Amino acid sequence: MTAASGQTVQRVTRQIGVYGKMGFLRIGPLNVTEPTTDRKPHALITGASAGIGTALAREYARRGVPLVLTARRADRLQSLADELSAQVAVTVLPADLADPAAPKALFDQCQNLGLFIGTLVNNAGYGVPGRYLSSDWETHRDFLQVMQTGVAELCHRFLPAMESAGYGRILNIASLAGLVPASAGHTLYGANKVWLIRFSECLALECRDRGVNVTALCPGFTWSEFHDVNGMRGNVSKLPGYLWQDAESVARVGIDAVEAGRTVVLTKGINKVIAGLSKYLPAPLARAIVSSKSKDFRDAD
Ligand SMILES: NC(=O)c1ccc[n+]([C@@H]2O[C@H](COP(=O)([O-])OP(=O)(O)OC[C@H]3O[C@@H](n4cnc5c(N)ncnc54)[C@H](OP(=O)(O)O)[C@@H]3O)[C@@H](O)[C@H]2O)c1
């Protein structure tokens, strides 16, 4: 039985490779899992109280994976747990990830409950509107704690048990914003997503021989509370419908990708076109296009 069904981990070894003059070159994912634990792998999802996080929780539950849900709004998490607990075991651990003590507290609570976190989903996130100096330092400090330091710490704390078990999944919810040129406004957001993609790539390389798959999922515009929270709903609602995707399909693509051991994954055809143009157009032209369009989704005042 596979871990995706929430059962005890068993060995599944797959190597895809080619032999060439340089020797054996591995080009595909590895799913190497050993029955070194009889504890069921749980999926810990940050930001599970809304949007993509809620959709991920529903999709993991549908696949039979027991859940640990965290976010600040405990009432939202509890009603999601009530909805899903007929399908799988659900543990609710409310936390404010802007608190530097939160990642360790979450880890300790999982340890005390005897839970093996086989899947870590770093999803919690938001954007800070305006130019860099229009928010105080404390706002940016909290953003970096939630979106960067906290993510790095959660990976550092939960990864050792995954490696010991020879099985793990880390799904980092990055963004198309990490694959397109910079634009003014929401200054740390794109920079953070670039960091998250590179961090995921490094971890994926370090972990691939240890049974742990790491994926940076890069959604584009997704229906959720994200643009209500950052105050851009009025602007983004004028964007064409073909740019948008529902949170449920983002969640399905993300879980399939981390199960398959894919490292950087776009969620929709149009996003692949945008990322491809960003990569292959001359940089000044790509920057000029994104800069002129960015007022539709970025507040730079
Ligand atoms: N929507 C998009 O267009 C889009 C596109 C690309 C990437 N993304 C990324 O997708 C991820 C999820 O965003 P979403 O679209 O689902 O947004 P959302 O609907 O606003 O959900 C954001 C989640 O993050 C949690 N969160 C925010 N601040 C937190 C904090 N201090 N501590 C703990 N949890 C916190 C929120 O929970 P509480 O408020 O209850 O704490 C909520 O559950 C983010 O990383 C975002 O950058 C979104």
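In this text, residue positions in the sequence shown follow numbering that gives the first Met the number 0: the first is 0, and each later residue adds one. No residue lacks a Cβ here, since even glycine has one placed at the ideal position from N, Cα and C. Since we're looking at a predicted model, the values are computed, not measured.
Report yes if the C-beta of residue i is less than 7 Å from at least one heavy atom of ligand 1; otherwise report no.
{"i": "L305", "result": "A question about residue 305 goes unanswered here, because the residues of the chain that appear run from 0 up to 300."}
{"i": "N122", "result": "yes"}
{"i": "D298", "result": "no"}
{"i": "I196", "result": "no"}
{"i": "R251", "result": "no"}
{"i": "E162", "result": "no"}
{"i": "R38", "result": "no"}
{"i": "A274", "result": "no"}
{"i": "R72", "result": "yes"}
{"i": "S84", "result": "no"}
Do you know how far the Cα of residue j is from the Cα of residue i?
{"i": "R61", "j": "V249", "result": "15 Å"}
{"i": "G260", "j": "G165", "result": "14 Å"}
{"i": "R209", "j": "G233", "result": "46 Å"}
{"i": "S223", "j": "P281", "result": "33 Å"}
{"i": "H185", "j": "C206", "result": "32 Å"}
{"i": "A176", "j": "N191", "result": "9 Å"}
{"i": "G129", "j": "T138", "result": "12 Å"}
{"i": "G124", "j": "V145", "result": "7 Å"}
{"i": "V264", "j": "A173", "result": "9 Å"}
{"i": "V211", "j": "P99", "result": "26 Å"}
Please classify residue i as buried or exposed, where buried requires at least 16 neighbouring CB atoms within 10 angstroms.
{"i": "H155", "result": "exposed"}
{"i": "V272", "result": "exposed"}
{"i": "N111", "result": "exposed"}
{"i": "L284", "result": "exposed"}
{"i": "R57", "result": "buried"}
{"i": "E258", "result": "buried"}
{"i": "R42", "result": "Correcting the residue identity first, residue 42 is Ala in this sequence and not Arg. Buried is the call here."}
{"i": "G219", "result": "buried"}
{"i": "D295", "result": "exposed"}
{"i": "G113", "result": "exposed"}
{"i": "A301", "result": "Outside the displayed range of the chain (0 to 300) lies residue 301, so it cannot be described from this structure."}
{"i": "P28", "result": "At P28 the pLDDT is 41, less than 50, meaning the model places this residue with poor confidence; the figure from the coordinates comes in the next sentence. Classification for P28: buried."}
Assuming residue i contacts residue j (C-beta within less than 8 Å), just tell me the rounded distance between them.
{"i": "A181", "j": "T262", "result": "Not confirmed; about 23 Å, so no contact."}
{"i": "L105", "j": "V91", "result": "Going by Cβ atoms, the distance from L105 to V91 rounds to 12 Å, so no, they are not a contact pair."}
{"i": "I269", "j": "L242", "result": "6 Å"}
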